[in-house]
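Let me begin by presenting the structure, written as structure tokens, before commenting on it.
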Amino acid sequence: MAEAQKQKPRMPIESGCPDGFQYMHPVMVKNFGQWSYHEHPRAGVLRHVAHSGDEIWTVKAGTQRILDVFTLRKLCDIGDEYADGHVRFTIRSNIEYMVSDAAKVQPLIGALESAGFVVGGTANSVTSISHTQGWLHCDIPGTDASGVVKAMMDELIDEFKNCNMPNRVHITTSCCQINCGGQGDIAINVQHTKPPRINHDLVANVCERPSVVARCPVAAIRPAQVNGKPTLEVDEKKCICCGACYPPCPPMQINDPEHTKLAIWVGGNHSNARSRPSFQKLVAAGVPNNPPRWPEATAIVKRILRAYKDDAKDWERINDWIDRIGWPRFFELTGLPFTKYHIDHWRGSRKSLNSSSYIRF
Ligand code: SF4
Ligand code: SF4
């Protein structure tokens, strides 16, 4: 038996993404890497033309990302009846249908719209807001990112359906302050404003204390004894209320209905062939985390978008626009107050101010 095992090593279990080619539209498989150009005939539609002369039309519609099975089936039925049976989801929860016949585009749009879906989100529109899991899946959120997205996109629907912005606008949300999401032209992120409240009776039972101490970015946590029980304590003068101690140690509760707020950041962008990455900067802090419609945060996002739409030049992304006009003018145009909370006076920030991947001499 031992000998047989030696001869037949156990193969690794592949649990990553499946090979995408098996799901691709046949015209896309045939012309993979051979595309000549593309154009944008209307909001929500792209036309790609291959060197071979083949063409593929893509129709994009928004979804709410966390889809119930009935909606998913409805979307797939539309794909079977009006498209060529191939769909894909984008990182921003939009569904895309691919068809190789231009005559199918308009009936497909009609079917989507009559089923209540919104077609758009391409080129210089405000595409769907990307968001993290929120209360549905994750164990540490301080807000429901998907709820924020729904409330905001309801008000930005015309900007999704039309291409009226100077360039594309990518908005993100994140439901805690430390992990996934929250990096875009505009980002709506959780902001804790008070240090964690510690349930000393539970810490020793639930938390691996050394790893919680190691997790704090400003070394504000230290071991302690309370009522004869080993526990942890926080130096509140050092604590930056990041919430990093809460996931490994739930008795260090940081979410709070009143003191967990939202903050709005702007100007985050990845590096590309022409420019280095730009880091987003905080422009509104302490915004009420106010479900179910988050009106205060939505009003600020709309105000930023309005100023960007009115003042930016064609092709400027939000970070390019702010670089050109400067921060004082940004605050003037948006009418947002500039407060002491906008000044990064944390002593560790010197390092974060110098974190581009570009080599400097
Ligand atoms: S942002 Fe934070 S709370 Fe939200 S899903 Fe990611 S880890 Fe969980
Ligand atoms: S909230 Fe952040 S800074 Fe404060 S104690 Fe926890 S890990 Fe440290």
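In this text, residue positions in the sequence shown follow my numbering: the first is 441, and each later residue adds one. Where is the CB? At the ideal position from N, CA and C, for every residue including glycine.
If distances are taken between C-alpha atoms only, which option among the options comes closest to residue i?
i: ALA703; options: PHE771, ALA627, GLN693, CYS656; result: ALA627
i: CYS615; options: GLU756, GLY582, ASN471; result: GLY582
i: ASP750; options: THR774, THR530, THR738; result: THR774
i: LEU576; options: ILE765, ARG757, ILE506; result: ILE506
i: ILE518; options: VAL646, ASN645, SER554, ASN759; result: SER554
i: ARG487; options: PHE529, CYS457, THR562; result: THR562
i: VAL588; options: GLN573, THR511, GLN462; result: GLN573
i: ALA551; options: TYR522, ARG532, MET538; result: TYR522
i: LYS836; options: TRP497, GLY502, TYR781; result: This structure does not reach residue 836, given that the chain is present from 441 up to 801, and the question cannot be answered.
i: VAL539; options: ARG655, ASN645, ASP508, VAL489; result: VAL489
i: GLU599; options: ALA585, CYS620, ILE569, GLY621; result: ILE569
i: SER586; options: PHE557, GLY621, VAL566; result: GLY621
i: ASN712; options: ASP541, THR738, ARG757; result: ARG757
i: LEU566; options: LEU776, GLU454, ALA501, ALA659; result: Correcting the residue identity first, residue 566 is Val in this sequence and not Leu. Nearest of LEU776, GLU454, ALA501, ALA659 to VAL566, Cα basis: ALA501.
i: PRO735; options: LEU722, GLY556, ASP459, GLU595; result: GLU595
i: LEU512; options: ARG733, VAL485, ASP625, PHE557; result: PHE557
i: VAL706; options: TYR781, LYS590, LEU722; result: LEU722
i: ASP729; options: ALA664, LYS701, ARG528, VAL485; result: Going by the sequence as given, residue 729 is Asn instead of Asp. The shortest Cα separation from ASN729 among ALA664, LYS701, ARG528, VAL485 belongs to LYS701.
i: VAL808; options: TYR781, TYR463, ARG714; result: Any answer about residue 808 is impossible in this case: the structure gives the chain only from 441 up to 801.
Exposed or buried, what is residue i when buried is set at 16 or more other beta-carbons lying within 10 Å of its beta-carbon?
i: TRP755; result: exposed
i: TRP761; result: buried
i: GLN546; result: exposed
i: VAL779; result: Here residue 779 is Thr; the residue named in the question, Val, does not match the sequence. So THR779 counts as exposed.
i: TYR537; result: buried
i: LYS448; result: exposed
i: MET592; result: buried
i: VAL509; result: exposed
i: ASP675; result: exposed
i: TYR748; result: buried
i: ASN645; result: exposed
i: ILE535; result: buried
i: ASP520; result: exposed
i: ASP579; result: exposed
Which same chain residues, not among the five before or five after residue i, have their C-beta less than 8 Å away from its C-beta?
i: HIS699; result: HIS632, THR633, LYS634
Skipping 5 residues on each side, what residues in its chain have a beta carbon closer than 7 Å to that of residue i?
i: LYS677; result: none
i: GLN623; result: THR612, GLY708, GLN720
i: ASN564; result: CYS603, MET605, PRO606, ASN607, ARG608
i: PHE461; result: VAL469
i: CYS685; result: PRO636, VAL652, ARG655, CYS656, ILE661, MET692
i: PHE771; result: PHE778
i: HIS491; result: GLN474, SER476
i: PRO768; result: none
i: PRO731; result: ASP584, GLY587
Rounded to whole angstroms, what is the Cα-Cα separation between residue i and residue j?
i: ALA725; j: VAL499; result: 37 Å
i: HIS571; j: GLY668; result: 43 Å
i: ASN639; j: VAL653; result: 16 Å
i: LEU642; j: THR671; result: 8 Å
i: GLN474; j: LEU548; result: 26 Å
i: ARG649; j: TRP786; result: 26 Å
i: HIS480; j: ILE740; result: 30 Å
i: ILE744; j: ASN629; result: 16 Å
i: ILE783; j: LYS742; result: 24 Å
i: HIS478; j: ASP494; result: 12 Å
i: PHE801; j: VAL467; result: Its pLDDT being 45, under 50, PHE801 is placed unreliably in this model, and the value from its coordinates should be taken loosely. Near 48 Å, if we compare the C-alpha coordinates of VAL467 and PHE801.
i: ALA542; j: GLY525; result: 15 Å
i: ALA483; j: LYS601; result: 6 Å
i: ASN759; j: THR530; result: 23 Å
i: ASP459; j: CYS516; result: 20 Å
i: LYS514; j: CYS457; result: 24 Å
Within a Cβ cutoff of 6 Å, which residues of the same chain sit near residue i, ignoring the five residues on either side of it in sequence?
i: PRO695; result: Sequence inspection shows Asn at residue 695; the Pro mentioned does not correspond to that position. Closer than 6 Å at the Cβ level, and outside the excluded window around ASN695, lie GLY582.
i: CYS689; result: CYS647, VAL652
i: CYS682; result: GLN617, ILE618
i: ILE765; result: none
i: ALA752; result: PRO606, TRP761
i: HIS710; result: PRO717
i: CYS679; result: PRO635, ALA660
i: THR851; result: The structure shown does not extend to residue 851, since the chain is modelled only from 441 through 801, so no value can be given for it.
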